[in-house]
Amino acid sequence: MNAIKFIQEFDIEKAREVVRSEFEKNRYWIGLFKTDVEFNGSLGEFGRYELNGSRDVNHSYLEAFNGKWEAYAKAWQHRQTEVDELKKQNAWLSDVAERENKRANNLQQDKTSTTISLGKTIQEKNELQKRVDAVVMEIEKLHLSGVIGFGTVKKLEQALKCVKLEDE
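Under my numbering, the residue at position 46 of the sequence shown is numbered 50, and the numbers go up by one with no gaps.
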């Protein structure tokens with residue numbers, strides 16, 4: 005189970021219980037008086053171990069154990085604070101990544117539509133150029149056959165040059 009999934013599945017009280025049970029497993033000397041103590045979660049900031057009266061246990065051992073438990077619990081609490089902060093940062097980064105992915109997708113769509121539009125514009129320009137070239141050839145044919153004069157040819161060519169300049 006990865007750490008994020010582990011953290012998301014446990015609430016804080018369950019996590020504290022897991023921490024406490026792990027603490028007890030990892031402390032070799034808890035076996036010396038495990039049957040003689042009980043955990044009371046309502047005592048202190050993190051709960052404390054107290055004697056259950058089954059046997060007389062040296063009070064200094066119990067205090068030392070509670071001191072170690074408190075240090076362990078504080079370290080866990082500090083780590084939990086870091087985990088919570090990292091979860092917030094992760095959520096923020098996920099939001100940023102999602103926004104940037106949407107932005108990138110929008111830019112890609114814009115690029116695609118612009119490319120299509122540019123292709124259509126170029127195609128229209130080429131079609132128009134073919135028409136202009138056809139008109140120029142017709143003007144030359146009419147001039148060579150003597151149907152129109154040189155002045156008319158120049159005027160028509162000038163008009164077509166304006167069309168060419170606007171396209172370019």
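Ideal Cβ positions, reconstructed from N, Cα and C, are used throughout, including at glycine.
Closest Cα partner of residue i within the set the options
i: M141; options: T125, L122, E161 and R107; result: E161
i: A163; options: G153, K72 and V136; result: V136
i: A75; options: C166, D99, F50 and S149; result: F50
i: G48; options: G71, D40 and V41; result: G71
Per DSSP, cross-strand counterpart(s) of residue i
i: Y53; result: F43
Alpha-carbon to alpha-carbon, residue j and residue i
i: E128; j: L122; result: 10 Å
i: E104; j: N94; result: 15 Å
i: K18; j: D60; result: 31 Å
i: F69; j: G57; result: 17 Å
i: W80; j: Y65; result: 22 Å
i: L97; j: L90; result: 10 Å
i: V87; j: R107; result: 30 Å
i: T73; j: A101; result: Checking the displayed sequence, the identity of residue 73 turns out to be Trp instead of Thr. So the alpha carbons of these two residues sit roughly 41 Å apart.
i: K92; j: L132; result: 59 Å
i: S117; j: K134; result: 26 Å
i: K115; j: S149; result: 51 Å
i: L55; j: T85; result: 31 Å
i: I152; j: K145; result: 9 Å
i: K165; j: N110; result: 40 Å
i: Q112; j: R83; result: 42 Å
i: E21; j: D99; result: 32 Å
i: I120; j: K159; result: 37 Å
i: S25; j: E67; result: 18 Å
i: S46; j: K78; result: 16 Å
Beta-carbon proximity of residue i to residue j, cut-off 7 Å
i: R52; j: N44; result: yes
i: V139; j: H147; result: no
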